[in-house]
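Report on one structure; see the data block that follows.
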Amino acid sequence: PPSSEDLDPSPHTDAPPDRATCPTPSSMKSQERHCLDAAEGGLYDYRTGWGRQRELLQRVAHHEICNRVLFVQHESTYTAGRQTQPEERPFDGRPVIDVDRGGKITWHGPGQLVGYPIVFLQRGVGVVDYVRRVEEAVIRTLRDYGIRTGRVPGRTGVWLASDGTGPERKICAIGVRCAHQTTMHGFALNVNPEFGFFDNIVPCGLEDADVTSIERESGRAPSLGAVADQLYPHLAQLLSFAPYAMSPDIERRAHLAFHHRTATGAPSRSGSLLTDAPTTTPKVVQL
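With the UniProt record's numbering, the residue at position 128 of the sequence shown is 128, and numbering never jumps.
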C-alpha cells in the first residue's frame, strides 16, 4: 500500500450521501475542458491554487458540479506536508508553505506539471485505491513517451528503476487529502524542471533516492500542455473506478544515502535557480 506519510491521516469526515444524480467520470467528454493552460501561459501562485482547490472541493462534495482536475504550473515554491521533519526543510532557510496534505516536503515550480484531481469517492472506494489509480495514470502517460516506470513497494509516487549506478529515481510525487469524501492536492510530474531546487531539501524525506524528469530520461521536453493532454484520458478512465490491470512494481534495491551535505549543510549537488514568471489562469478539466 502507499506510505501513510503521503496520505491525510483522517481521510473521511462529514461525508454527504452518495451522489446518485451526477454523471460518472467515464461519461464525461474530453471536449468539456475550459480555462487557459497555465503550462503555456505562465505560472500560478501556490496559495491561489490551494484556495481554488478548496472552492472546487466544496462544490464537488455538495453535488453542485462533477469531478474536476486542475492542471497548473506553479511559481517556485516549497510545500511541506504534515510529516515533514525540521531537518528536511530548505538548508538555506528559504520560506516553506505548510499545507494540509499527507507526505513531507517537496518543491513545485517551472517545468513541473501539477495535477489536482477533485474527486468524490463513492462509498466503498478507498483512498489507497484512488492513489494507486492516479499513479497508474501517470505510469501509462510516461509509457506513451517511451519511459518505463512503476511503483516502489512501500513508497508512494511513480519511479524509474535503479540503473545499477544509483538509486531509484522518482519522476512523480503524490500527496493527497480527502475531506467530505472528496480528494484534493494530487501529483507533481517532473517534465523539465531545474533540479537545483531539489538540492536544497530532502525531497519527500527520502535520502536514499534521486529525482528525475521526462527530459532527463527521454532527451526531449514536451510542453506541459501536451503532457496534460496526454495524461487526461488515462486519468479520466482510471477514475471511473472500473477494474484495471495494474502495472508491475519496481524491485527496490538498497543504496547508500544519495544526499551528501557540504559543510554548510546543503547537498553537494549544484544547480542554478530560476526566477518566477507572471501568473496566469489554470486549466480546469471536468472528469
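From the three backbone atoms N, C-alpha and C, an ideal C-beta is built for every residue, glycine too.
None of the values given here were measured: they were computed from a predicted structure.
Distances from the alpha-carbon of threonine 79 to those of Asp100, Glu64, Val69 put Asp100 closest.
Proximity of the stretch 111 to 119 to the stretch 178 to 188 meets the contact definition, three or more beta-carbon pairs being nearer than 8 Å. In the structure shown, the three-state DSSP call for alanine 188 is strand.
By the 16-neighbour rule on beta-carbons within 10 angstroms, alanine 245 is exposed. Comparing alpha-carbon positions, the option among Thr156, Phe197, Gly164 lying closest to glycine 102 turns out to be Thr156.
When DSSP states are grouped into helix, strand and coil, phenylalanine 241 belongs to the coil group. Judged by DSSP in its simplified three-state form, threonine 183 adopts strand. In this chain, the alpha helix (DSSP H) harbouring glycine 49 covers 46 to 61. In this structure the stretch 167 to 183 does not touch the stretch 219 to 227; the number of beta carbon pairs closer than 8 Å is below three.
Taking 8 Å as the cut-off, the beta carbon of glutamate 194 is found closer than this to the beta carbon of proline 110.
Judged by DSSP secondary structure, isoleucine 139 falls within the alpha helix (DSSP H) whose first and last residues are 127 to 144.
The shortest C-alpha to C-alpha distance from alanine 236 to any of Val69, Ala61, Gly150 is the one to Val69. For aspartate 229, the three-state secondary structure derived from DSSP is helix. With a cutoff of 8 Å on beta-carbon distance, isoleucine 105 and valine 134 are scored as not near each other. Cysteine 172 has Val158, Leu189 as its beta-bridge partners, per DSSP.
Around the C-beta of alanine 242, fewer than 16 other C-beta atoms lie within 10 Å, and the residue is accordingly described as exposed. Here aspartate 98 carries a strand assignment [DSSP, helix/strand/coil].
Between histidine 234 and arginine 132, the C-beta spacing is not below 8 Å.
Checking the DSSP bridge columns, you'll see histidine 74 partnered with Tyr44.
Within the same chain, Asn192, Ala221 come within 6 Å of glutamate 215 by CB-CB distance, once the 5 residues on both sides are set aside.
DSSP places aspartate 92 in the coil class of the three-state scheme, outside both helix and strand.
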